[in-house]
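Trainee:
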Amino acid sequence: MRVAEDPLGLAPSARPAHRRSGAAASAPSRSRGYLRWAFTLLAIALFGLAVADMPAWKAALSLLFPGSTELVYPRASLAALVGEHLFLVAVSSAFAIGLGLPLGVLVTRQGGRAFLPLVNDLSSLGQTIPPVAVLALSVPLLGFGTAPTVLALFLYSILPIVRNTIAGLNQVPADVIEAARGMGMTSAQCLFRVELPLAVRVIMAGVRISVVINIGTAVVGAVVGAGGLGTAIIAGLVRENSAFVLEGAVAAGLLALLIDQLLGRVEELFAREGW
Amino acid sequence: MIELRNVTKRYEGQAAVELLSFTVEAGELCVLIGPSGCGKSTTLKLINRMIEPSEGEVLIDGRPAAGVRPELLRRQIGYVIQSIGLFPHMTVAENIAVVPRLLGWSRQRVAPRVEELLDLIGLDPSLYRAKYPRELSGGEAQRIGVARALAADPPILLMDEPFGAVDPLNREVLQAEFLKIQRNLKKTVVFVTHDLDEAIRLADRIVLLSRGRLVQIDTPENLLSHPKNKFVRNFVGGDRALKRLSRFIVSEHLQPAASIALFDAQFGTRIAALKEEGKRFVWITDRSESLFGWIDLREVDGLANPKLAVTRATGADIAVRSSASLREALSRMLGQGIKVVPVLDDAGRLVGEVSLADIERMTGT
Numbered sequence: 155m156r157v158a159e160d161p162l163g164l165a166p167s168a169r170p171a172h173r174r175s176g177a178a179a180s181a182p183s184r185s186r187g188y189l190r191w192a193f194t195l196l197a198i199a200l201f202g203l204a205v206a207d208m209p210a211w212k213a214a215l216s217l218l219f220p221g222s223t224e225l226v227y228p229r230a231s232l233a234a235l236v237g238e239h240l241f242l243v244a245v246s247s248a249f250a251i252g253l254g255l256p257l258g259v260l261v262t263r264q265g266g267r268a269f270l271p272l273v274n275d276l277s278s279l280g281q282t283i284p285p286v287a288v289l290a291l292s293v294p295l296l297g298f299g300t301a302p303t304v305l306a307l308f309l310y311s312i313l314p315i316v317r318n319t320i321a322g323l324n325q326v327p328a329d330v331i332e333a334a335r336g337m338g339m340t341s342a343q344c345l346f347r348v349e350l351p352l353a354v355r356v357i358m359a360g361v362r363i364s365v366v367i368n369i370g371t372a373v374v375g376a377v378v379g380a381g382g383l384g385t386a387i388i389a390g391l392v393r394e395n396s397a398f399v400l401e402g403a404v405a406a407g408l409l410a411l412l413i414d415q416l417l418g419r420v421e422e423l424f425a426r427e428g429w
Numbered sequence: 031m032i033e034l035r036n037v038t039k040r041y042e043g044q045a046a047v048e049l050l051s052f053t054v055e056a057g058e059l060c061v062l063i064g065p066s067g068c069g070k071s072t073t074l075k076l077i078n079r080m081i082e083p084s085e086g087e088v089l090i091d092g093r094p095a096a097g098v099r100p101e102l103l104r105r106q107i108g109y110v111i112q113s114i115g116l117f118p119h120m121t122v123a124e125n126i127a128v129v130p131r132l133l134g135w136s137r138q139r140v141a142p143r144v145e146e147l148l149d150l151i152g153l154d155p156s157l158y159r160a161k162y163p164r165e166l167s168g169g170e171a172q173r174i175g176v177a178r179a180l181a182a183d184p185p186i187l188l189m190d191e192p193f194g195a196v197d198p199l200n201r202e203v204l205q206a207e208f209l210k211i212q213r214n215l216k217k218t219v220v221f222v223t224h225d226l227d228e229a230i231r232l233a234d235r236i237v238l239l240s241r242g243r244l245v246q247i248d249t250p251e252n253l254l255s256h257p258k259n260k261f262v263r264n265f266v267g268g269d270r271a272l273k274r275l276s277r278f279i280v281s282e283h284l285q286p287a288a289s290i291a292l293f294d295a296q297f298g299t300r301i302a303a304l305k306e307e308g309k310r311f312v313w314i315t316d317r318s319e320s321l322f323g324w325i326d327l328r329e330v331d332g333l334a335n336p337k338l339a340v341t342r343a344t345g346a347d348i349a350v351r352s353s354a355s356l357r358e359a360l361s362r363m364l365g366q367g368i369k370v371v372p373v374l375d376d377a378g379r380l381v382g383e384v385s386l387a388d389i390e391r392m393t394g395t
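From first to last, the protein sequence lines are chains D and G.
Whatever position you read off the first sequence (first residue = 1), add 154 for our numbering.
Whatever position you read off the second sequence (first residue = 1), add 30 for our numbering.
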């Protein structure tokens, strides 16, 4: 199992969302927030330009592989590969979030607590089965292409979301919930007005980890013809052309970094300043 | 009005509260007290249905609490808990506005109400409105907790050891402030504490519980002077006379004190004038009107400079705050071996004095 009980050490004890030390000063952090946004968007724009500009890639790779004649994967443009890759990640992550988040909420409710061990085990199981194995097992049922890849990625990325949703909701102080109920909030009001806002940082951290891992893992999709940056890597391995491998790997790595940055900014939007 | 009729709560056959019946009249401050595990918190939570009774019923203004949806019932009942439970992601203003918002008040109605409440608890709205709970001291947070419970002006207030987590000095201040608020608002209050002094100081009536059963329900004076049985006698302890002093607040019994500013240009003349009046001890204050020491006028004679007779003593050593109880004033006297203690206001300024004779008058009646 790659992700342990507490992905990224974001356990409540390490960083309780409701009482971080004075670091979250209000006014200066806002202007720094704008700067971080500007930096992130600039980095994304630069990446977009680089991907769109094939000659630039060729020039860069020709410095590394001076003797090679074929420097970039010829059968699809890098932009197309990145697009396919993002599609795989987006669909599988959407499923993982769409199922993982409600599941995490469900097992922390009074009625759902009995299912907590089951959900924990199932999401761990998803993480322990290698995505390649899921592909091999599901292709006979789902055929080649996008469907088995999305399934494999979904299973592989649901764990951090479920676990962090549970951890985030469990670290909401019991007295805060008692106060909320005692003041006359219904359980739904308590969840949406108190528990989820207090858990959002930990939950978002889980989403971030999940998506970033997903970007790296989505490379396997190429094995069953789902496209994406893995296509260039596999072609490079087959033809013993390291330039292709590097093209796919560097692009996937940069993509993961950028998406992580972007989600970091989104996370900051959720966490209000001051607390 | 709150009425409990033969209320029993069992957990797995074990009774936490058994056949409990008592009534809290409208506008009354009723304190539930007893050794830990006596069921006082359970009783409190039975009133707003945080816990449902196994048997018996709770009536609020004559209507069964069980007939109202718990959420709707709780919005009519203020609730303060020991750990306060302020919402860390909401500002002070948002915290106070929670129940009004649940009740669907308009923004135009909520905002002035928040200001009003902050004023009531003595915190400047312009300073505190936008603060987050983590920026508050324990005492401030507890005040906000009370303000939040009062926000929608509920007729009933339930308080579960509200000042239990505050340091003793601040607790006294909070108790005094709360009494002042309660005298104006006349809420029906059920207040849980394990601190007998607090109970005696605040209560109109005390409900003493033991092992889930009611032992005695009485005014603090009666509980102290006529304990029903050995348990009550042991619980209130041997220092009953002392405990009664907890009910009297210094500010209501202080006498004007003679004082001179140390840097008064007419120091000598004033000393002479006071001596003429037959005074013996006079307090000395410094520039900021806080206590500097005292002077024994008998020792002034023959000194070139009367200031040489001044004995240095700061407020922290010998004074009591005006919000303290006479019991503390007495304790100060005994501790310092003096018969008169100076009284300071919250800003540390000398506002008067209390003497042993004053206290003896109170215990006599």
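For each residue, glycine too, the CB sits at the ideal point set by N, CA and C.
Among the residues of its own chain, which have a CB less than 8 Å from the CB of Leu103 of chain G, if the five just before and after it don't count?
Mentor: Asn78, Arg79, Ile90, Ala95
Trainee: What is the rounded straight-line gap between the Cα of Asp160 of chain D and the Cα of Leu352 of chain D?
Mentor: Confidence at Asp160 of chain D is low in this model, with a pLDDT of 43, below 50, so the placement of that residue should be treated as unreliable; the coordinate-derived value is given next. The straight-line gap from Cα to Cα measures roughly 18 Å.
Trainee: Going along the chain, which residues of the segment 222-256 of chain G sit with their C-beta nearer than 9 Å to a C-beta in chain D?
Mentor: none
Trainee: Give the C-beta separation of Arg419 of chain D and Trp191 of chain D to the nearest angstrom, bearing in mind that I take them to be a contact with Cβ-Cβ under 8 Å.
Mentor: 6 Å
Trainee: Quick check on this structure: which residue in G:Asp183, G:Lys39, G:Ala271, G:Phe52 has the alpha carbon closest to the alpha carbon of Gly69 of chain G?
Mentor: G:Lys39
Trainee: So, using beta-carbon positions, are Leu238 of chain G and Phe265 of chain G closer together than 8 Å?
Mentor: yes
Trainee: Would you kindly work out how many angstroms separate the C-alpha atoms of Leu401 of chain G and Arg173 of chain G, rounded to a whole number?
Mentor: What the structure shows of chain G is the stretch from 31 to 395, and residue 401 of chain G is not part of that stretch, so it cannot be assessed.
Trainee: Answer yes or no: does any C-beta atom of chain G fall closer than 8 Å to that of Ala333 of chain D?
Mentor: yes
Trainee: Rounded to whole angstroms, how far is the Cβ of Gly382 of chain D from the Cβ of His239 of chain D, which I believe are closer than 8 Å?
Mentor: 4 Å
Trainee: Pair every Cβ in the segment 279-295 of chain G with every Cβ in the segment 313-327 of chain G, then say whether three or more of these pairs are closer than 8 Å.
Mentor: yes
Trainee: Check Thr121 of chain G in the structure and name its three-state DSSP category.
Mentor: coil
Trainee: Could you tell me which chain G residues have their CB closer than 7 Å to the CB of Val348 of chain D, listed as they occur along the chain?
Mentor: Below the 7 Å Cβ cutoff, chain G contributes Phe117 as neighbours of Val348 of chain D, in chain order.
Trainee: For the segment 242-275 of chain D, list the alpha helix (DSSP H) runs that are entirely contained and at least 4 residues long, ordered along the chain.
Mentor: none
Trainee: What separation, rounded to the nearest whole angstrom, lies between the Cα atoms of Val377 of chain D and Ala244 of chain D?
Mentor: Distance between the alpha carbons of Val377 of chain D and Ala244 of chain D: 19 Å.
Trainee: For a contact meaning CB atoms closer than 9 Å, what does Thr194 of chain D contact in chain G?
Mentor: The premise fails here: Thr194 of chain D is roughly 24 Å from chain G at the closest Cβ pair, so nothing lies under 9 Å.
Trainee: For chain G, find out if any of its Cβ atoms is closer than 8 Å to the Cβ of Asp329 of chain D; answer yes or no.
Mentor: yes
Trainee: Could you pull the start and end residues of the alpha helix (DSSP H) that Ile81 of chain G belongs to?
Mentor: For Ile81 of chain G, no alpha helix (DSSP H) segment is defined, and its DSSP state is neither H nor E.
Trainee: State yes or no: is the C-beta of Phe261 of chain G nearer than 7 Å to some heavy atom of the ligand HEM?
Mentor: Absence of the ligand HEM from the depicted structure is noted, as is the absence of any ligand whatsoever, leaving it without description.
Trainee: Say whether the segment 323-341 of chain G touches the segment 247-255 of chain G, bearing in mind that this needs 3 or more beta-carbon pairs closer than 8 Å, one atom from each stretch.
Mentor: no
Trainee: What do you get for Arg363 of chain D, buried or exposed, if any count of 16 or more other CB atoms within 10 angstroms of its CB means buried?
Mentor: The identity of residue 363 of chain D in the sequence shown is Ile, whereas the question assumes Arg. Per the 10 Å Cβ criterion, buried.
Trainee: Only counting the same chain, and skipping five residues up and downstream in sequence, which positions put a Cβ closer than 7 Å to that of Ala349 of chain G?
Mentor: Leu321, Val371, Pro372, Val373, Leu374
Trainee: Assign Ala346 of chain G to one of two classes, buried (16 or more other C-beta atoms within 10 Å of its C-beta) or exposed (fewer than that).
Mentor: exposed
Trainee: Under 8 Å, Cβ to Cβ, is there at least one residue of chain G near Met125 of chain D?
Mentor: Because chain D is modelled from 155 through 429, residue 125 of chain D falls outside the range shown and cannot be assessed.
Trainee: Quick one, which of D:Leu409, D:Val304, D:Glu422 has its alpha-carbon nearest Ile198 of chain D's?
Mentor: D:Leu409
Trainee: Is the CB-CB distance between Leu327 of chain G and Val312 of chain G below 8 Å?
Mentor: yes
Trainee: Which one of D:Phe424, D:Leu411, D:Ala425 has the shortest CA to CA distance from Leu195 of chain D?
Mentor: D:Leu411
Trainee: When the distance is taken between beta carbons, is Met337 of chain D closer than 8 Å to Val129 of chain G?
Mentor: yes
Trainee: Provide the residue span of the alpha helix (DSSP H) that contains Val286 of chain D, from first to last.
Mentor: 285-296
Trainee: Compare the C-beta of Gly265 of chain D against all C-beta atoms of chain G and say whether one is closer than 8 Å.
Mentor: no
Trainee: Per DSSP, Ile63 of chain G is paired with what?
Mentor: G:Leu238
Trainee: So, at 6 Å on beta carbons, what are the nonlocal neighbours of Gly322 of chain D in its own chain, with the 5 sequence-adjacent residues on each side left out?
Mentor: Ala353, Val356, Ile357
Trainee: Could you work out which residues of chain D lie near Ile279 of chain G, taking near to mean beta carbons separated by less than 8 Å?
Mentor: Going along chain D, no residue has its Cβ under 8 Å from Ile279 of chain G, so there is no contact; the nearest lies around 30 Å.
Trainee: 8 Å is my cut-off, CB to CB: does Arg173 of chain G come that close to chain D?
Mentor: no
Trainee: Determine the DSSP secondary structure at Pro94 of chain G, reduced to helix, strand or coil.
Mentor: strand
Trainee: Where does Pro257 of chain G land, buried or exposed, given buried means 16+ other C-beta within 10 angstroms?
Mentor: Its Cβ being crowded by 16 or more others within 10 Å, Pro257 of chain G is buried.
Trainee: Span of the alpha helix (DSSP H) holding Lys212 of chain D?
Mentor: It spans 208-218 - the alpha helix (DSSP H) in which Lys212 of chain D sits, taken as one unbroken run.
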